[in-house]
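Reading through the structure tokens given below for one structure.
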Amino acid sequence: MQYLLLRDLAIIFAGSFLVILVFHRLKLPALPGFIVAGVLLGPNALGLVSDVHQVESLAEVGVILLLFTIGIEFSLSRLREMGREVIIGGGAQVLLTVGLAAALAAGLGLAWPVAVLLGFLVALSSTAIVLKGLADKGEIDTPHGRLATGVLIFQDLCVVPMMLVLPFLAGAAASAAGGREAYCWQYCCENATARIVTVAAQPQINSENIGILGIIWRVRTHSNA
């Protein structure tokens, strides 16, 4: 088992190095190169990595270390000085994105609870990916870097009210549809909850914690049924 893990890590490092060299020659940022390398080496492409779950666990540790390194370079006092801009900018970004995405989804014929749910998903960004991009350019402690970080933190805080709204959306959808349609909506809500937590929650929430949250959510929905 340990031999396979070391082999998988060696393949990941070697493959990532080659892809990053190509991206560097093309004058492209490194982060998309890592994503491309993961897609190519993963089970859905070349399938060179055998134990995906252990690699995912190590990747979670890598994200924590990445955010820790970025936090060393980041000035919290300067972010605090931009509190008003962060609240206004973050609130406008979340509300406008949810509204526009929900309106577009409703215009395509989807029910309004589904449209709002899609708006929630579109409004959230990946904190780790955005901060990594800013760190690569040395823009973490610039005015726009601090503003972007503040908006990301605002998005993370919005996850809690979004999860609180999901049961009401599920109830509205269930009252409008019965039987199989209601069960499908419940299934979509459960998976959307896991996706919201995965995208926006802090990296300290690992896959085991997310699984526990999913079990609690399913027990709660079935107990209310």
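Each position in the sequence shown, counted from 1, maps to that position plus 1213 in our numbering. Even glycine gets a Cβ: it sits at the ideal position worked out from N, Cα and C.
heavy atom of the ligand ZN below 6 Å from Gly-1358 C-beta: The ligand ZN is absent from the structure shown, which contains no ligands of any kind.
Helix, strand or coil at Thr-1355 [DSSP, three-state]: For the purposes of this step, residue 1355 is taken as residue 142 along the sequence shown, with counting starting at 1. If DSSP states are grouped into helix, strand and coil, Thr-1355 belongs with coil.
Cβ-Cβ separation, Gly-1303 to Gly-1363 (assumed contact under 8 Å), whole Å: Taking the sequence shown and counting its residues from 1, the one referred to as residue 1363 is at position 150. Taking the sequence shown and counting its residues from 1, the one referred to as residue 1303 is at position 90. Correct: roughly 6 Å between the Cβ atoms.
Where Met-1206 falls: helix, strand or coil (DSSP): Any question about residue 1206 goes unanswered here, given that the chain covers just 1214 to 1438.
Cβ pair Gly-1249, Val-1232 closer than 7 Å: Within the sequence shown, residue 1249 is the residue found at index 36, counting from 1. Within the sequence shown, residue 1232 is the residue found at index 19, counting from 1. Note that residue 1249 corresponds to Val in the displayed sequence, not to Gly. Closer than 7 Å, so yes.
Val-1268 and Asp-1221 closer than 7 Å at C-beta: For the purposes of this step, residue 1268 is taken as the residue at position 55 of the sequence shown. For the purposes of this step, residue 1221 is taken as the residue at position 8 of the sequence shown. Yes, Cβ-Cβ distance for Val-1268 and Asp-1221 is below 7 Å.
Alpha-carbon to alpha-carbon, Val-1274 and Pro-1256: Residue numbering aside, residue 1256 sits at position 43 when the sequence shown is read from its first letter. Residue numbering aside, residue 1274 sits at position 61 when the sequence shown is read from its first letter. Spanning the two alpha carbons is a distance of roughly 21 Å.
Nearest to Pro-1380 (by Cα), restricted to the options Val-1335, Val-1327, Leu-1365: Reading the sequence shown from its first residue, position 167 is the one you call residue 1380. The residue with the shortest Cα to Cα distance from Pro-1380 is Val-1327.
Best match in Ala-1314, Lys-1240, Pro-1245, Ala-1336 for proximity to Phe-1367 [C-alpha to C-alpha]: Counted from its first residue, the sequence shown places residue 1367 at position 154. Closest option to Phe-1367, Cα to Cα, is Ala-1336.
Under the three-state DSSP convention, the category Val-1345 falls into: In the sequence shown, counting from the first residue as 1, residue 1345 sits at position 132. In the sequence on display, residue 1345 carries Lys and not Val. The answer is helix: DSSP assigns Lys-1345 an H, G or I state.
Local conformation of Leu-1321 per DSSP, three classes: Counted from its first residue, the sequence shown places residue 1321 at position 108. Note: Leu-1321 maps to coil in three-state DSSP.
CB-CB length for Gly-1332 against Thr-1355, believed under 8 Å: Numbered from its first residue, the sequence shown carries residue 1332 at position 119. Numbered from its first residue, the sequence shown carries residue 1355 at position 142. In fact, because the Cβ distance is near 30 Å, the residues do not count as touching under 8 Å.
Three-state class that DSSP yields for Val-1262 in the structure shown: Locating residue 1262 in the sequence shown gives position 49, counting from the first residue. In this structure, Val-1262 counts as coil in the three-state DSSP scheme.
Simplified DSSP assignment, three categories, for Pro-1242: To locate residue 1242, count along the sequence shown from 1; it is residue 29. DSSP places Pro-1242 in coil when its eight states are reduced to three.
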